[in-house]
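First comes the structure, then the notes that go with it.
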Amino acid sequence: MFKLLEGPQTLGRGKIFWSCFLTVLAGAPAYPLFADSYDVGNFAYFLIWIFMALGLCLMWGYGGMLSFGQTLFFGIAGYGYGVLAINMGGGTATIAALALSVVLAMIAAGILGYFMIWGGINGIFFGIVTLSATLVLAFFLGQTAGPEWHIGPARLNGFNGMKGMDPLTVGDFYIEGSALYYVMIALIVIVYLALRMLVNSGIGNVIVATRENPQRAEMLGYDVRKYQLLTFVIGSGLAGLSGALYTSWGQFITPSSIGLPAAAMPIVWVAFSGRSDLTATLVGSFLLLFGFQTITVYSQQAALVLMGALLLATVMLAPQGFVLGIGKFAADWWSGRRRRGAGAVMMEAGRLRSEES
Amino acid sequence: MSAELFSLFYQFADVFAFLILSAAGLAIVFGMMGVINMAHGEFIMCGAYVTVGLVNLGVPLAVAQILAALTAGFIGILVEFLVVRRFYKRPLDSLLATWGLSLIVTQSMLLIVGSAVRGIGTPEGSFAIGGYTFSTYRLVLFGCAVAVLAGLYTIFMKTRFGVIARATMQNAAMAKALGARTGRIYAISFGIGTGLAGLCGALYAPTMTLIPTMGATFVVESFVTVVIGGANVLLGTAPAAVFLAMIRMALNASYGQIIGQIGMLVAVILIIRVLPEGLSSVLVRRGR
Amino acid sequence: MALVEVKGVSKRFGGLTAVSGVDLAVEAGEVHCLIGPNGAGKSTLFKLIVGLYPPTEGSIWFDTVDITAERPYARVQRGMSIKMQAPSVFKELPVRQNIQTALQERLSGAARIAEEDRLLTLLNLGPDSEKLAGALSHGQQQWLEIGMALALKPQLLLLDEPTAGMSPEETFRTGELIKSFNAEGMTVLVVEHDMAFVRQVAQRVTVLHLGKIFARGNLESILQDEKVAEIYLGKTHAH
Chain A
8 MFKLLEGPQT
18 LGRGKIFWSC
28 FLTVLAGAPA
38 YPLFADSYDV
48 GNFAYFLIWI
58 FMALGLCLMW
68 GYGGMLSFGQ
78 TLFFGIAGYG
88 YGVLAINMGG
98 GTATIAALAL
108 SVVLAMIAAG
118 ILGYFMIWGG
128 INGIFFGIVT
138 LSATLVLAFF
148 LGQTAGPEWH
158 IGPARLNGFN
168 GMKGMDPLTV
178 GDFYIEGSAL
188 YYVMIALIVI
198 VYLALRMLVN
208 SGIGNVIVAT
218 RENPQRAEML
228 GYDVRKYQLL
238 TFVIGSGLAG
248 LSGALYTSWG
258 QFITPSSIGL
268 PAAAMPIVWV
278 AFSGRSDLTA
288 TLVGSFLLLF
298 GFQTITVYSQ
308 QAALVLMGAL
318 LLATVMLAPQ
328 GFVLGIGKFA
338 ADWWSGRRRR
348 GAGAVMMEAG
358 RLRSEES
Chain B
60 MSAELFSLFY
70 QFADVFAFLI
80 LSAAGLAIVF
90 GMMGVINMAH
100 GEFIMCGAYV
110 TVGLVNLGVP
120 LAVAQILAAL
130 TAGFIGILVE
140 FLVVRRFYKR
150 PLDSLLATWG
160 LSLIVTQSML
170 LIVGSAVRGI
180 GTPEGSFAIG
190 GYTFSTYRLV
200 LFGCAVAVLA
210 GLYTIFMKTR
220 FGVIARATMQ
230 NAAMAKALGA
240 RTGRIYAISF
250 GIGTGLAGLC
260 GALYAPTMTL
270 IPTMGATFVV
280 ESFVTVVIGG
290 ANVLLGTAPA
300 AVFLAMIRMA
310 LNASYGQIIG
320 QIGMLVAVIL
330 IIRVLPEGLS
340 SVLVRRGR
Chain C
19 MALVEVKGVS
29 KRFGGLTAVS
39 GVDLAVEAGE
49 VHCLIGPNGA
59 GKSTLFKLIV
69 GLYPPTEGSI
79 WFDTVDITAE
89 RPYARVQRGM
99 SIKMQAPSVF
109 KELPVRQNIQ
119 TALQERLSGA
129 ARIAEEDRLL
139 TLLNLGPDSE
149 KLAGALSHGQ
159 QQWLEIGMAL
169 ALKPQLLLLD
179 EPTAGMSPEE
189 TFRTGELIKS
199 FNAEGMTVLV
209 VEHDMAFVRQ
219 VAQRVTVLHL
229 GKIFARGNLE
239 SILQDEKVAE
249 IYLGKTHAH
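Protein chains in written order, with our numbering: chain A, 8 to 364; chain B, 60 to 347; chain C, 19 to 257.
So this is what it looks like as structure tokens:
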């Protein structure tokens, strides 16, 4: 089973890659020991969004389905967590609320995905239908300011946002600060490794094959629609996980984390990082979130302008993604330096890039 | 009785005009080049701001609106030249690029102009039939929507440009081989598309609050109309708008705006399941 | 026993009738060639059998089951395997992964890797197994696709002009390969217009002309049929 951690669908293999991976993994738990708690909390906050990025990477990079609906499912699970946590009471029930809200997002993705995929929607239209659904949810939630909009004791509260839910709790212990940080690290490692295994498995083969040539995949006896739906449900479910964790982290969610410009953010992270590889997405999204947060302190608009500029620059200069491109170049340079002269490395890098475009 | 009928027509006309005006520009660009212009909403915003700015300088409303549409069209041609042109073979990338542009423009506007600009107010004028009062300006908007459709019909069916444009739409390589300057046709079509977006913003500017993010108000309607209508503006967008306007009108009347919008989206999702190629495919097939 | 039966099938596209009232039976264990001049409706009939188009009229049966309403993947799961006319492979994936995607439902572990190696050698693709499929030559891509079709170990192999773009030597090798699989019990239906290839592999031949069955029989009788020669062999493809 662990053989599936490596395969043709994921870059980053061999001893060097896994030693880096283990070094980061060993360093991560040590971080809260010497950083102050504010920074640890911030760090945990960046990690929340990574699931959403990995989900989009799976759908777009591996499955060829460009979903603009990540924040739709983020919102469904985010509000779902709030409603459930408030209604079920705090305490350990919040863990159940987290799980149920992610399931809720996956069910929603299943329904929307069924109609789109069985209706033969793909390419650009897949994006704009998912984006339309996202914006409609954001508009709808924006209109729920009145007291009549409530589910049990949970008030949706329009643009002012929903609040009053407990954070994730086990017994009397609130999972916050460095505890939340450890939970996030564990979840990310699990999700990252599980996705690596998925894409390198037989199912992963069919998912990529469907991206490349859906008709050929069908002619090999695969009902490609089912594989696409599976991909969409998993990818959207990961956005849901981000949403539920987000609400639990801040005990607060507003429609603005669903609508524009929020809906564009996962696209920017994944496009900039390199959609065709999970590791590139993981690293790149983290870097972008870090940069974004740093600039947001001064001006959120400026940070968003930068994100727009990065998206434009990615598409114009490195359509396969900057982080992936740099990673490939570095890997080639490294293996090339050992095997051949430096001249051959440059040629090799050029060849790789021309194959990509 | 006739007052009630007219009231129904008025509600229909209101929604229909909104759908046509917000979608026509997007549909032309999509139909001609297969490109979804994600900055469509920002061209609408541009039209609205230019209109309000000119009116505040003392320019008469109608003149300001025409100038605003022209400005949006001109900026569109510039954007086509600088950005969109590179991506005709990669429609998904052109969507991403224009989305990046949209983010840049919206957020820069927020930085520079701030969140709200003083509006100009809906032009006065109303009339009454039976017990109902109607705003004249809403009927003017309907008239404009019909005029836009008529104008597009004339441009694409009756002019030399239209013939070449339709040929390019069918088969760009062949049109090019026959001597059509496809690059220029694309640029002009993109300009017409963004100009129509600007017109939409200009026409609705008096009726709404101006904020840099106002484009988002229009995009859902324009997206779903194009999704249902397919690639053919004349045979697709117009019938799609009629159909969606009826659904929306029925739901708006009994349940309010937001349920109308949700209902429209649900209808779209159900329809793509049944008619994957959009309404225009059915109409085109019937037409044969 | 007929493995595939096409019963009274017609296909109209708007006003154009591409296939009209065709009956066709492919017997289990034979190599059956479907020939005819350009525009005869061969490819349309092929796509109807494969399930890419629904027929306007008539029904299609596989192994005594009516499959008219089934999608292509379901037909493949019943034991059909298809190679389309233009090479259709997963271009951005390595050659081996192309084969693997076809094999993985049937075999796993070491048995799968052994079968991958066997097929790659058989198709002369061994040295290129780590290349991206899109980097192969046109002929090699045709081979790779035939390999993917064979990997499913089908009861019925459907080939639409499998030798298009191949050199005479490659064409000959393809023919021998098809014969060897037929000898192991695989039924084969080939759409083809290269008569040398048809002579090499066919046991029975159906001639399609203007969307209708024009003649059918064993290879010798078709080759000697003067009317067939007139519409097709004599004018365009006498060898």
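All C-beta atoms, glycine included, are put in the ideal place defined by N, C-alpha and C. None of these values were measured; they are calculated from a predicted model.
Environment of residue i [buried if 16+ CB atoms lie within 10 Å]
{"i": "L313/A", "result": "buried"}
{"i": "P145/C", "result": "exposed"}
{"i": "A349/A", "result": "For A349/A, the predicted structure reports a pLDDT of 43, less than 50, and the residue's modelled location is therefore unreliable. A value from the coordinates is still provided. The residue is exposed, with fewer than 16 neighbouring Cβ atoms inside 10 Å."}
{"i": "L21/C", "result": "buried"}
{"i": "A62/B", "result": "exposed"}
{"i": "F133/A", "result": "buried"}
{"i": "E148/C", "result": "exposed"}
{"i": "T195/B", "result": "exposed"}
Any non-hydrogen atom of the ligand HEM within 6 Å of residue i CB
{"i": "V198/A", "result": "By its list of ligands, the structure shown contains no ligand whatsoever, and the ligand HEM lies outside what it can speak to."}
Neighbour flag for residue i against chain C, beta carbons, 7 Å
{"i": "A320/A", "result": "no"}
{"i": "D43/A", "result": "no"}
{"i": "R223/A", "result": "yes"}
{"i": "L237/A", "result": "no"}
{"i": "L285/A", "result": "no"}
{"i": "G228/A", "result": "yes"}
{"i": "N129/A", "result": "no"}
{"i": "A216/A", "result": "yes"}
{"i": "E219/A", "result": "yes"}
{"i": "N212/A", "result": "yes"}
Within-7 Å CB hit, residue i to chain A
{"i": "A156/B", "result": "yes"}
{"i": "T205/C", "result": "no"}
{"i": "I79/B", "result": "no"}
{"i": "L21/C", "result": "no"}
{"i": "Q70/B", "result": "no"}
{"i": "F215/C", "result": "no"}
{"i": "L200/B", "result": "no"}
{"i": "T254/C", "result": "At T254/C, the pLDDT of 49 sits below 50, so the modelled position is not reliable and the matter cannot be decided from this model."}
{"i": "R332/B", "result": "yes"}
Chain A contact residues for residue i, given Cβ-Cβ distances below 8 Å
{"i": "R53/B", "result": "One cannot answer for residue 53/B here, as it falls past the ends of chain B, which runs 60 to 347."}
{"i": "T272/B", "result": "L267"}
{"i": "S167/B", "result": "Q308, V312"}
{"i": "A275/B", "result": "L142, G266, L267"}
CB of residue i within 7 Å of CB of residue j, strictly
{"i": "A127/B", "j": "V109/B", "result": "yes"}
{"i": "L170/C", "j": "I100/C", "result": "no"}
{"i": "G257/B", "j": "F102/B", "result": "yes"}
{"i": "L318/A", "j": "A278/A", "result": "yes"}
{"i": "P316/A", "j": "F299/A", "result": "Sequence inspection shows Ala at residue 316/A; the Pro mentioned does not correspond to that position. No; because the gap between Cβ atoms is not below 7 Å, this pair is not in contact."}
{"i": "I163/B", "j": "Q150/A", "result": "no"}
{"i": "S248/B", "j": "L85/B", "result": "no"}
{"i": "S280/A", "j": "V330/A", "result": "yes"}
{"i": "E110/C", "j": "E219/A", "result": "yes"}
{"i": "A145/A", "j": "G266/A", "result": "yes"}
Chain-ordered neighbours of residue i on chain C, where CB pairs are closer than 8 Å
{"i": "P15/A", "result": "L111, P112, Q115"}
For residue i, the residue or residues it bridges with in DSSP
{"i": "R30/C", "result": "T35/C"}
{"i": "D84/C", "result": "W79/C"}
{"i": "N236/C", "result": "R222/C"}
{"i": "D178/C", "result": "V209/C"}
{"i": "T51/C", "result": "Per the sequence shown, the amino acid found at residue 51/C is Cys instead of Thr. BP columns for C51/C point to V208/C, V223/C."}
{"i": "Y191/B", "result": "I188/B"}
{"i": "A43/C", "result": "E23/C"}
{"i": "T176/A", "result": "Y181/A"}
{"i": "A161/A", "result": "I158/A"}
Proximal residues of chain B, C-beta to C-beta of residue i below 7 Å
{"i": "S139/A", "result": "V279, F282, V283, L324"}
Neighbouring residues, chain C, relative to residue i (Cβ below 9 Å)
{"i": "L11/A", "result": "In chain order: nothing, as chain C lies at least about 12 Å away."}
Interface partners of residue i on chain B, CB under 8 Å
{"i": "L119/A", "result": "I328"}
Listed by chain order, chain A residues near residue i by CB distance under 9 Å
{"i": "P150/B", "result": "G130, I131"}
Under 7 Å from the C-beta of residue i: neighbouring residues of chain A
{"i": "A71/C", "result": "First, the residue type needs correcting, since residue 71/C is Tyr and not Ala in the sequence shown. None at all; the shortest Cβ gap to chain A is about 13 Å."}
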